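In the working numbering, the protein residues as written are 4 to 519.
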RNA sequence: CGGGGCGUGGCGCAGCUUGGUAGCGCGUCUGCUUUGGGAGCAGAAGGUCCCCGGUUCAAGUCCGGGCGCCCCGACCA
């Protein structure tokens, strides 16, 4: 059976991932090392994710703003932990002009900036500077803002969508009167992320708190949503941080309380990035290419007219366009159905495979026979293969297809979620009680570059939640198995066994996994 | 930034060990045929063999130095 890709998940997951990105026409590498070109189909997915999330961000009382790309270097000196975390990956602007010297276009040495500017790796510092001016009284709180932006983090090793030097994201920044309110905000936005991931991306996640060593630089607490990819690895799909008063202290963000005292604000920040698209690929993709959840598919129903250079072509095309127009009048997920007629020249079979790789949920083929019978022949991308290793197609009367389109899209959306949810739930082992058992399950760290390791899921186990040097020891032991602590799930059991690492009384359960 | 692998028409690759006219598959273009599940035949276009230097009568091939990509590690969303 010929598949849509010449790479499989089974044989080489990393190679398969790259093949999907390329063949689904999502993105490509650029002349700039580590930075990607997001192509229309990939950017269309991002725009839909943005739309869903932006609506929720506003519904929870936040307003959008825009802060500068370039941040004075001195701003980063204010919060020690924060600088430490980002110092090694910052792009720095030092000059403001070019000049032709000896016939060479070069940086003008005469045009050196007095203070270097860094390209934002995140905006806590420059937004905090504004918060300092914006917050005067308890009446100004909570201050709830968000920005959609690009950021740069100079990465050593990049992979399209998953880790690039420049990426797109949303960063929310808020200031609150007290810890309780700020912590509630942190968890509220974590829940928004869970909802978008699960409802829109059909990507089930586990919400939880990151261990101390995995916190955002400068944060008091970091929460994440973690998703399981088809190779069993975890992907941190979003983070939400309770920053305590450390940024408020560093940047003097204070307010006068009702009783007249000057108090420090408690701040939060939270973000999701274009990495989510990588998560969608690795959650739903198959050996024929991408499979898109309908809610984030730039086109939900792609209609391929079967044109044969015959007089009836005009009729077929008209039928296809009429179908698309009528589908656009149908609502799915409270929005008009996105339907496209692929009028490009070429054989319909080639065009069909092109769309299989790109992953719209429904592909319709319309030929003279459909026109004559007043019917629609459709393929479900989530159930591509039928009997006899042939692509499965279904015929239905045109009116019936249109009437059922929204329900079919909803069914595909929930079906993809259910499939991913079963994989997540079915691959978290909770029966491992000792480090030896953990080592036995994950096996020795691969000493060679075997790209095709057997599937390993996650382990949910109990630990004593050590900190400092004791935590370092745990981290190192896990590292020997190429494992990391993903998070401590928010939903915890009432009774706990002993710590897997130390045998001490357990404090909480954590998820341990290999990760992106 | 360390270890390994790889850079050859748009894409995927062979050729390199043992130097001697640049190849294959897919795609593209033209024509004819075909026509509802990845078409057939015939013809055509398309390559500074990543870059710079060296050895040689002769370098895709050998040597040196760069750059880029991929995998593993360190770092990270």
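Even for Gly, the Cβ is constructed at its ideal location relative to N, Cα and C.
Predicted, not measured: the structure shown is a model, and the values here were computed from it.
What does the alpha-carbon distance come out to for the pair residue 278 and residue 113?
40 Å
Apart from the five residues on each side of it in sequence, which residues of its chain come closer than 7 Å, Cβ to Cβ, to residue 97?
Take residue 97, set aside five residues on each side of it, and the residues of its chain with a beta-carbon closer than 7 Å to its own are 115, 116, 119, in chain order.
What does a CB cutoff of less than 8 Å around residue 25 pick up in its chain, not counting 5 residues either side in sequence?
31
Report the rounded CA-to-CA distance for residue 332 versus residue 81, giving the unit in angstroms.
Each residue's Cα considered, the two are about 55 Å apart.
To the nearest whole angstrom, what separates the beta carbons of residue 191 and residue 228, a pair I think is in contact under 8 Å?
With a Cβ gap of about 13 Å, residue 191 and residue 228 do not count as contacting.
For residue 280 versus residue 49, is the C-beta distance shorter than 8 Å?
yes
Below 8 Å between beta carbons: does that hold for residue 20 and residue 285?
yes
Which residue marks the beginning of the alpha helix (DSSP H) containing residue 295, and which one marks its end?
Note, residue 295: premise wrong, no alpha helix (DSSP H); not H, not E.
Any idea if residue 515 is buried or exposed, counting beta-carbon neighbours within 10 angstroms, 16 or more meaning buried?
buried
Indicate the three-state DSSP secondary structure (helix, strand or coil) for residue 111 in the structure shown.
coil
8 Å CB neighbourhood of residue 189 in its chain, flanking five on each side removed:
Here the set comprises 224, 226, 243, 244, 245, 271, 273.
Assuming residue 154 and residue 172 form a contact by the criterion Cβ under 8 Å, report the distance between their Cβ atoms to the nearest whole angstrom.
6 Å
Let's see if you can read the secondary structure: which residues bound the beta strand (DSSP E) around residue 378?
For residue 378, the enclosing beta strand (DSSP E) starts and ends at 378-383.
Taking the C-alpha atoms as reference points, what is the distance between residue 58 and residue 518?
30 Å
Name, in chain order, the residues that DSSP records as bridge partners for residue 98.
115
For residue 67, name the three-state secondary structure that DSSP assigns.
strand
If we count the other Cβ atoms within 10 Å of its Cβ and call it buried at 16 or more, is residue 239 buried or exposed?
If you draw a 10 Å sphere on the C-beta of residue 239, you find 16 or more other C-beta atoms in it, and that means buried.
So, under 8 Å CB-CB, residue 501 and residue 508 are touching, yes? Tell me the CB distance rounded to an integer number of Å.
6 Å
Measure the C-alpha to C-alpha separation of residue 292 and residue 249 and round it to an integer number of angstroms.
Between residue 292 and residue 249, the C-alpha separation is close to 46 Å.
Rounded C-alpha distance that separates residue 453 from residue 73
Its pLDDT being 44, under 50, residue 453 is placed unreliably in this model, and the value from its coordinates should be taken loosely. About 42 Å.
What separation, rounded to the nearest whole angstrom, lies between the Cα atoms of residue 78 and residue 139?
21 Å
Beta-carbon separation of residue 175 and residue 52 under 8 Å?
no
Kindly give me the distance between the Cβ atoms of residue 231 and residue 426, rounded to whole angstroms, as I take these residues to be in contact under 8 Å.
Between residue 231 and residue 426 the beta-carbon gap is near 6 Å, inside 8 Å, which marks them as a contact.
Quick test of your reading: residue 367 and residue 319, contact by CB under 8 Å. State the CB separation rounded to the nearest angstrom.
With a Cβ gap of about 12 Å, residue 367 and residue 319 do not count as contacting.
According to DSSP, residue 518 sits in a beta bridge with which residue or residues?
In DSSP, residue 518 forms a bridge with 237.
Which residue marks the beginning of the beta strand (DSSP E) containing residue 147, and which one marks its end?
Boundaries of the beta strand (DSSP E) around residue 147: 146-155.
Kindly indicate which three-state DSSP category residue 197 falls into: helix, strand or coil?
helix
Kindly provide the ranges of any beta strand (DSSP E) runs that are 3 or more residues long and lie completely inside the region 205-254, ordered along the chain.
Segments of the beta strand (DSSP E) lying fully in the region 205-254: 208-212, 224-231, 237-247.
Can you tell me which residues form a DSSP beta bridge with residue 342?
304
Through-space distance from residue 110 to residue 102, alpha-carbon basis
Spanning the alpha carbons of residue 102 and residue 110 requires a straight line of approximately 6 Å.
Take the Cβ of residue 99 as the centre, count every other Cβ of all protein chains shown within 10 Å, and call the residue buried at 16 or more, exposed below.
Note on residue 99: under 16 other CB atoms within 10 angstroms of its CB, so exposed under the neighbour-count rule.
Assign residue 369 to one of three DSSP states: helix, strand, or coil.
Judged by DSSP in its simplified three-state form, residue 369 adopts strand.
Apart from the five residues on each side of it in sequence, which residues of its chain come closer than 7 Å, Cβ to Cβ, to residue 376?
none
Where do the ends of the beta strand (DSSP E) carrying residue 488 lie?
It spans 487-492 - the beta strand (DSSP E) in which residue 488 sits, taken as one unbroken run.
DSSP on residue 73, reduced to helix/strand/coil?
Residue state, collapsed to three classes: strand.
Contact check, residue 409 vs residue 335 under 8 Å by CB: the rounded distance?
Confirmed, about 4 Å.
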